[in-house]
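Per our numbering, residue 426 is the first one in the sequence shown, and the count goes up by one each step.
All C-beta atoms, glycine included, are put in the ideal place defined by N, C-alpha and C.
Just below is one structure, and these are the notes that go with it.
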Amino acid sequence: MDPPTKRWGVRGEGSHLRELASGKLREQLIGGSSERSEQVVPLGYISGDNQSMTDELQPHKRRVRYQGANPRRFQDKYKELNPAAAAHDSELQKVRARGQTPAGTHRPICVREILEILAPKPGETGLDATLGFGGHALEILPHLLPGGRLFALDVDPIELPRTEARLRAAGFGEAVLLVRRMNFAGLPHLRPDMGEGFDLVLADLGVSSMQIDNPARGFTYKVEGPLDLRLNPQRGRSAAALLQSLGQSELAELLRENSDEPLAEALARAIVLAGRVTPILTTTLLADLVRRVVRAEGAADTLEEDTRGTLQRTFQALRIAVNDEFKVLDQFLAYLPSCLKPGARVAILTFHSGEDRRVKKAFQAGQRAEIYSSVAQEPIRASFEERRDNPRSSSAKLRWAVKAD
Ligand SMILES: C[S@@+](CC[C@H](N)C(=O)[O-])C[C@H]1O[C@@H](n2cnc3c(N)ncnc32)[C@H](O)[C@@H]1O
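Now the structure itself:
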């Protein structure tokens, strides 16, 4: 098998067919050059009658492939730092109108609701613990001016510099926007810089659309990529390495604990057995295995839905594990009160029941201990319109808390 790093090109890249069409492989296979056939019948000689005969003699010319409304390759889609991107604006609008998020971008979720909760004011100090594409930060920053500032964190060494460059280019300098590449679990490290603490804090958990859309990050089962799933690929171990280290019962427990996966046992058995024969190094290898398990276990009438759900939960469970997402969230929630000014507002957006449970419990415990004066009783959901326009908002749950005076 080819090493996986060579295999995650776009479908058809480097294919033998293309070489055959260009004549290189044909020369190797049948000898002679493709130009020779061109000399047999001069081009102007072709008429309707002898078309089919001369077609055989013509060097094969590939039909120009329909490129669709949008570029197919992720590399071509990533336009955000390219000035030519402006020309793509109308295409991007079309993509959004179809309820999709253009690759290389991210649409902030529940913006109106979050602004209502955080109520940012001039002169205040805010924290965006998960900067991502900077969508929420861009909405919050103008309200903090003049005189205020926003601390912005993210663990992702690939996307963070791009986002920072974009926000700086939008006019937010170092005095107003302090960007740090760090895990929000390390909140206490901000103490020396944060003064008396934050007036408002936002955490929008999970992954951004840019991370999901980039095949090289391995976050999606939909395209081939290395089975990585790390928010910071420079630290820790990839999902592929994790899978190789786990036994069947450990993997089943991980799938149950992190994603409430009903097929945890069957999946763990199949993955561990297959991994003994060939290490599962790519997203598509894992996805194929999951599909086979669902087919073997599932009911025919719900097969498609079951498969999608199981794929999502399997990848999510691995992502949570490689990034230690529950542990870092618990640490963040534990340190948070000591970093808040009296009356500070907190908003946390989650996409997974395990995360929502943690936020809910931490806020309720904080209220009982009179650290928070009030907390959300129920999570706020994205509006019907937002869910329709941006399906990624469908699973979002927004909770809030207010620090006691
Ligand atoms: C859903 S996106 C945030 C999107 C952002 N609110 C926006 O509007 O563009 C989540 C981001 O949080 C980052 N992230 C996840 N866990 C983190 C952690 N423990 N510490 C810091 N950043 C984290 C991810 O790398 C990702 O960029």
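- Message: Within 10 Å of its beta-carbon, does proline 390 have 16 or more other beta-carbons around it, so buried, or fewer, so exposed?
- Response: Here the chain comprises residues numbered 426 to 830, so residue 390 is not present and cannot be evaluated.
- Under a three-way DSSP split, which group does isoleucine 805 fall into? Walking along the sequence shown from the start, residue 805 turns up at place 380. Of the three classes helix, strand and coil, the one that applies to isoleucine 805 here is strand, per DSSP.
- Message: So for glycine 791, helix, strand or coil by DSSP?
- Response: Here residue 791 corresponds to residue number 366 of the sequence shown, with the count starting at 1. Glycine 791 falls in the helix class under three-state DSSP.
- Message: Please tell me whether isoleucine 805 and alanine 628 are closer than 7 Å, where the distance is taken between their beta carbons.
- Response: Here residue 805 is taken as the residue at index 380 of the sequence shown, counted from 1. Here residue 628 is taken as the residue at index 203 of the sequence shown, counted from 1. Not in contact: isoleucine 805 and alanine 628 (Cβ atoms no closer than 7 Å).
- Would you mind stating whether tyrosine 646 and leucine 714 have Cβ atoms separated by less than 7 Å? Locating residue 646 in the sequence shown gives position 221, counting from the first residue. Locating residue 714 in the sequence shown gives position 289, counting from the first residue. No, they are not a contact pair.
- Task: Please state if the CB of glycine 643 and the CB of leucine 656 are separated by a distance shorter than 7 Å.
- Result: Start at 1 with the first residue of the sequence shown, and residue 656 comes out as number 231. Start at 1 with the first residue of the sequence shown, and residue 643 comes out as number 218. No.
- Message: Considering only DSSP beta bridges, list what alanine 772 is partnered with.
- Response: To locate residue 772, count along the sequence shown from 1; it is residue 347. The partner list for alanine 772 (beta bridge, DSSP) reads Leu627, Trp825.
- Cα-Cα separation, glycine 791 to glycine 723: For the purposes of this step, residue 791 is taken as the residue at position 366 of the sequence shown. For the purposes of this step, residue 723 is taken as the residue at position 298 of the sequence shown. Approximately 43 Å between the Cα atoms of the pair.
- Query: Sorted by chain position, which residues of the same chain lie with C-beta nearer than 7 Å to alanine 544's C-beta, five sequence neighbours on each side aside?
  - Reply: In the sequence shown, the residue the question calls residue 544 occupies position 119. Only Arg770 meet the Cβ criterion.
- Report whether the distance from the Cβ of threonine 555 to the nearest heavy atom of ligand 1 is below 6 Å. Here the question's residue 555 lines up with position 130 in the sequence shown. Checking every heavy atom of ligand 1 against the Cβ of threonine 555, one is found closer than 6 Å.
- Message: Could you check whether the Cβ of histidine 614 sits closer than 6 Å to any heavy atom belonging to ligand 1?
- Response: Here residue 614 is taken as the residue at index 189 of the sequence shown, counted from 1. Checking every heavy atom of ligand 1 against the Cβ of histidine 614, none is found closer than 6 Å.
- Query: Can you give the Cα-Cα distance for glutamine 673 and aspartate 685, rounded to whole angstroms?
  - Reply: Here residue 673 refers to the residue found at position 248 of the sequence shown. Here residue 685 refers to the residue found at position 260 of the sequence shown. Straight-line Cα distance between these residues: approximately 16 Å.
- In chain order, what residues of the same chain have a beta carbon less than 6 Å from the beta carbon of leucine 671, not counting five sequence neighbours either side? Residue mapping note: residue 671 aligns to position 246 of the sequence shown, counting from 1. So the list is empty, once near-sequence residues are dropped.
- Query: Run through DSSP, which three-state label would valine 580 get?
  - Reply: In the sequence shown, counting from the first residue as 1, residue 580 sits at position 155. Reduced to three states, the DSSP call for valine 580 is coil.
- If you follow the beta strand (DSSP E) that serine 799 is part of, which residue opens it and which one closes it? Locating residue 799 in the sequence shown gives position 374, counting from the first residue. Counted as a single uninterrupted DSSP element, the beta strand (DSSP E) harbouring serine 799 occupies residues 797-800.
- Go ahead and pull the three-state DSSP assignment for proline 651. Position 226 of the sequence shown, counting from 1, holds the residue named residue 651. In this structure, proline 651 counts as strand in the three-state DSSP scheme.
- Distance, Cα to Cα, glycine 631 vs phenylalanine 809? The sequence position of residue 631 within the sequence shown is 206, counting from 1. The sequence position of residue 809 within the sequence shown is 384, counting from 1. Between glycine 631 and phenylalanine 809, the C-alpha separation is close to 22 Å.
- Could you tell me which residues DSSP pairs with aspartate 553 in its beta bridges? Residue mapping note: residue 553 aligns to position 128 of the sequence shown, counting from 1. According to DSSP, which records beta bridges pairwise, aspartate 553 is partnered with Ala577, Leu627.
- Could you give the distance in angstroms between the alpha-carbon of glutamate 541 and the alpha-carbon of glutamate 690? Mapped onto the sequence shown, residue 541 falls at position 116. Mapped onto the sequence shown, residue 690 falls at position 265. Answer to the nearest angstrom: the Cα atoms are 44 Å apart.
- Can you give me the Cβ contacts of arginine 817 inside the same chain, cut-off strictly under 8 Å, excluding the 5 residues immediately before and after it? By 1-based counting over the sequence shown, the position of residue 817 is 392. For arginine 817, where only same-chain residues beyond five positions count, the Cβ hits under 8 Å are Thr526, Arg532, Ile534, Ser634.
- Message: When you compare the CB positions of threonine 550 and aspartate 624, do they come within less than 7 Å of one another, or not?
- Response: Within the sequence shown, numbered from 1, the residue matching residue 550 stands at position 125. Within the sequence shown, numbered from 1, the residue matching residue 624 stands at position 199. Yes, these two residues count as a Cβ contact at 7 Å.
- Is DSSP giving alanine 699 helix, strand or coil here? For the purposes of this step, residue 699 is taken as residue 274 along the sequence shown, with counting starting at 1. Reduced to three states, the DSSP call for alanine 699 is helix.
- Terminal residues of the beta strand (DSSP E) in which arginine 662 lies: Numbered from 1 along the sequence shown, position 237 holds the residue referred to as residue 662. Where arginine 662 is concerned, there is no enclosing beta strand (DSSP E), given that its DSSP letter is neither H nor E.
- Member of Arg591, Asn608, Leu612, Leu823 whose CA lies at the smallest distance from the CA of glutamate 602: Position 177 of the sequence shown, counting from 1, holds the residue named residue 602. What sits at residue 602 in the sequence shown is leucine, not glutamate. The shortest C-alpha separation from leucine 602 is found at Arg591.
- Taking DSSP as the reference, what is the three-state secondary structure of alanine 446? As a first step, residue 446 is located in the sequence shown; it is residue number 21 there, counting from the start. Residue placement at alanine 446 cannot be trusted, given a pLDDT of 29 that sits under 50; what the coordinates show is reported in the next sentence. It is helical.
- How about valine 580: is its Cβ closer than 6 Å to a heavy atom in ligand 1? Within the sequence shown, residue 580 is the residue found at index 155, counting from 1. At least one heavy atom of ligand 1 is nearer than 6 Å to the Cβ of valine 580, so yes.
- Message: leucine 676 and alanine 664 - do their beta-carbons sit closer together than 7 Å?
- Response: In the sequence shown, counting from the first residue as 1, residue 664 sits at position 239. In the sequence shown, counting from the first residue as 1, residue 676 sits at position 251. It is not a contact, given that the beta carbons lie outside the stated cut-off.
- Message: Comparing C-alpha positions only, which one of Ile745, Leu706, Glu649 sits nearest to alanine 666?
- Response: Your numbering for residue 666 matches position 241 in the sequence shown. It is Leu706.
- Alpha carbon of alanine 821 to alpha carbon of aspartate 781, nearest angstrom: For the purposes of this step, residue 821 is taken as the residue at position 396 of the sequence shown. For the purposes of this step, residue 781 is taken as the residue at position 356 of the sequence shown. About 9 Å.
- Message: If I measure Cβ to Cβ from glutamate 460 and keep anything under 6 Å in the same chain, skipping five residues before and after, which residues do I get?
- Response: Taking the first residue of the sequence shown as 1, we reach residue 460 at position 35. The predicted position of glutamate 460 is uncertain, since its pLDDT is 33 and thus under 50; no value can be drawn from it.
- Thinking phenylalanine 368 and arginine 616 are a contact (beta carbons under 8 Å), I'd like their distance in whole angstroms, please. Look at the range of the chain in this structure, 426 to 830, and you will see that residue 368 is not part of it.
- Message: Let me check one thing: in DSSP terms, what residues is leucine 765 bridge-paired to?
- Response: Counted from its first residue, the sequence shown places residue 765 at position 340. Paired residues: Phe623.
- Environment of proline 640 [buried if 16+ CB atoms lie within 10 Å]: Numbered from 1 along the sequence shown, position 215 holds the residue referred to as residue 640. Proline 640 comes out buried.
- Message: Classify glutamate 811: buried if its beta carbon has 16 or more other beta carbons within 10 angstroms, exposed otherwise.
- Response: As a first step, residue 811 must be located in the sequence shown, where it is residue number 386. Per the 10 Å Cβ criterion, buried.
- Message: Applying the 10 Å Cβ sphere with the 16-neighbour rule, what's the burial state of lysine 785?
- Response: For this step, residue 785 is matched to residue 360 along the sequence shown. It is buried - the Cβ of lysine 785 has at least 16 other Cβ atoms within 10 Å.
- Message: Measuring straight from C-alpha to C-alpha, what distance separates alanine 746 and arginine 587?
- Response: As a first step, residue 746 is located in the sequence shown; it is residue number 321 there, counting from the start. As a first step, residue 587 is located in the sequence shown; it is residue number 162 there, counting from the start. The straight-line gap from Cα to Cα measures roughly 26 Å.
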